[in-house]
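Engineer: This structure is in structure tokens; I'll ask about it shortly.
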Amino acid sequence: MLGLAGLLTRRNLIFTLMCVEIMLNASGLAFVAAGARWAQPDGQVMFLFILAMAAAEVAIGLAFVLLFHRTQLALDVDAASEMRG
Amino acid sequence: MTTLFYLAGILAVVATLFAVTRRHAVHALLYLIVSLLAVAVDFFALGAPFVAALEVMIYAGAIMVLFVFVVMMLNLAEHAMEVERAWLKPQSWLGPALLALILLVELAYGTATSPSALSPTNSIGPKQVGVALFGSYWIGVELASLLLMAGLVGAFHLGRHAIAKEGEHHVTSTDATRTDTRSDLVHAGSGGTSHAA
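Chains A and B, in that order, are what the protein sequence lines are. The opening position of the first sequence corresponds to residue 895 in our numbering, with each subsequent residue numbered one higher. The opening position of the second sequence corresponds to residue 39 in our numbering, with each subsequent residue numbered one higher.
As structure tokens, this is what we get:
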């Protein structure tokens with residue numbers, strides 16, 4: 895099951911923010927799997943922390959993406975809607 | 039239970055693969071939502087129902103809604119109608135719908151079988167998680183609250199900066215109201231995630 899988490903993390907790099915989400919999610923899955931393996935609640939606690947961090951990170955990241963897109967729009971009206979955070 | 043876990047795991051890997059390889063952002067988001075739901079099923083199969091519920095609510099709910107908001111706002115152009123018409127073609131939603139259908143079949147199987155056979159033996163309920171969270175990890179809770187506060191202030195700062203810069207160019211710009219609604223949505227979204235977390 896940890897191999898599954900590793901598979902989830904490996905291929906990314908294009909949609910940066912989305913892939914950061916995927917990687918955080920995979921590490922959370924690894925934490926929960928380890929916690930279930932040794933029957934401890936610590937893994938789920940760690941997942942809660944990862945969840946809070948992902949929420950904060952995605953709020954900041956998306957605000958930055960909006961700002962970046964607006965400056966791009968001011969420079970060039972034909973700027974495409976590619977999500978290059 | 040094991041087959042449920044591995045089926046959901048394979049589904050999550052396939053959906054993530056599609057999500058990373060799609061060129062269009064909205065298609066990738068659809069696949070990513072399916073992947074997150076599959077991971078939630080995995081959490082439930084691992085004996086963590088509380089975390090599975092949180093995954094569905096916060097990841098697949100709040101964070102993905104933020105992503106969809108931003109993608110929709112970035113696509114506010116003159117050709118938005120054509121873009122929407124292109125999105126409504128079946129080939130764009132057929133793949134995620136198929137994967138979600140497999141998850142639905144798993145859910146139906148789970149509700150059809152008896153709950154005693156479904157729940158794993160070493161299930162860790164929300165009570166234990168809460169005791170561990172506010173018992174030995176209280177400093178982590180404080181740090182997470184600090185981090186969420188910092189994230190809220192940072193998102194507000196970015197949006198406010200945009201508003202201020204918009205005020206300078208107010209005479210020339212034609213879409214001041216539109217950008218204002220954008221930054222308002224960013225604020226509302228960040229506040230929602232911090233509340234939910």
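Note that the Cβ used here is the ideal one computed from N, Cα and C, for glycine as well.
Establish whether the CB of B/G99 and some CB of chain A are separated by less than 8 Å.
Structural biologist: No, no contact with chain A.
Engineer: Under the rule that 16 or more other beta-carbon atoms within 10 Å means buried, what is B/E180, buried or exposed?
Structural biologist: The residue is exposed, with fewer than 16 neighbouring Cβ atoms inside 10 Å.
Engineer: Is it the case that the region 84 to 93 of chain B contacts the region 103 to 112 of chain B, given that we only count it when at least three CB pairs across the two stretches are under 8 Å?
Structural biologist: The region 103 to 112 of chain B vs the region 84 to 93 of chain B: no contact.
Engineer: For B/F88, return the contacting residues in chain A, with the cut-off set at a CB-CB distance below 8 Å.
Structural biologist: The contacting residues are Q938.
Engineer: Which chain B residues sit within Cβ distance under 8 Å of A/M947?
Structural biologist: Result: A182 and L185.
Engineer: Here's a check: name, in chain order, each residue in its chain whose Cβ is nearer than 8 Å to the Cβ of B/V52, leaving out the five neighbours to either side.
Structural biologist: L137.
Engineer: Can you tell me which of the three DSSP states B/Y175 falls into?
Structural biologist: Correct three-state label for B/Y175: coil.
Engineer: Rounded to the nearest angstrom, how far is the Cβ of A/G922 from that of A/I944, given a contact under 8 Å?
Structural biologist: So it is a contact: roughly 5 Å between Cβ atoms.
Engineer: Give the interface partners of A/V914 over in chain B, defined as CB-CB distance under 9 Å, in chain order.
Structural biologist: Correct list: empty, because the minimum Cβ distance to chain B is about 11 Å.
Engineer: Ordered along the chain, which non-local residues of its own chain (more than five positions away) have a Cβ less than 7 Å from that of B/F56?
Structural biologist: These residues qualify, in order along the chain: Y69 and G133.
Engineer: Would A/C913 be called buried (16 or more neighbouring beta carbons within 10 Å of its own) or exposed?
Structural biologist: When all chains shown are included, A/C913 counts as buried.
Engineer: Roughly how many angstroms separate the alpha carbons of A/L956 and B/Y147, rounded to a whole number?
Structural biologist: Looking at the two C-alpha atoms, the distance is approximately 38 Å.
Engineer: Figure out for me which residue from B/V58, B/T54 and B/D80 has the closest Cα to the Cα of B/T41.
Structural biologist: Looking at the Cα atoms, B/D80 is the closest of the given residues.
Engineer: Are the C-beta of A/A924 and some C-beta of chain B separated by less than 8 Å?
Structural biologist: So no, A/A924 is outside the interface.
Engineer: Residues of chain A with a CB under 8 Å from the CB of B/F81: which are they?
Structural biologist: Those within 8 Å of B/F81 in chain A are L923 and V926.
Engineer: Whole-angstrom Cβ separation of B/A50 and B/V77, contact assumed at under 8 Å?
Structural biologist: That belief holds up - the Cβ atoms of B/A50 and B/V77 are roughly 5 Å apart, short of 8 Å.
Engineer: Would you say A/A953 and B/G189 are within 8 Å of each other, going by their C-beta atoms?
Structural biologist: Yes; because the gap between Cβ atoms is below 8 Å, this pair is in contact.
Engineer: Are there 16 or more other CB atoms within 10 angstroms of the CB of B/I177, so buried, or fewer, so exposed?
Structural biologist: Under this definition B/I177 is an exposed residue.
Engineer: By Cβ distance, which residues of its chain are closer than 8 Å to B/V209, with the 5 residues on each side in sequence left out?
Structural biologist: The pLDDT assigned to B/V209 is 43, lower than 50, so where the model puts this residue is not dependable; a value taken from the coordinates is nonetheless given after this. Contacts found: none.
Engineer: Run down chain A in chain order and give the residues with a C-beta less than 8 Å from the C-beta of B/A78.
Structural biologist: None at all; the shortest Cβ gap to chain A is about 10 Å.
Engineer: Measure the alpha-carbon distance for B/V103 versus A/A933 and round it to whole angstroms.
Structural biologist: Straight-line Cα distance between these residues: approximately 33 Å.
Engineer: How far does the alpha helix (DSSP H) with A/V926 in it extend, from its first residue to its last?
Structural biologist: Segment T910 to R931, the alpha helix (DSSP H) holding A/V926.
Engineer: Between which two residues does the alpha helix (DSSP H) holding B/I71 run?
Structural biologist: Taken as a continuous stretch (DSSP letters only), the alpha helix (DSSP H) holding B/I71 covers A63 to A83.
Engineer: Assuming A/F941 contacts A/V959 (C-beta within less than 8 Å), just tell me the rounded distance between them.
Structural biologist: In fact, because the Cβ distance is near 26 Å, the residues do not count as touching under 8 Å.
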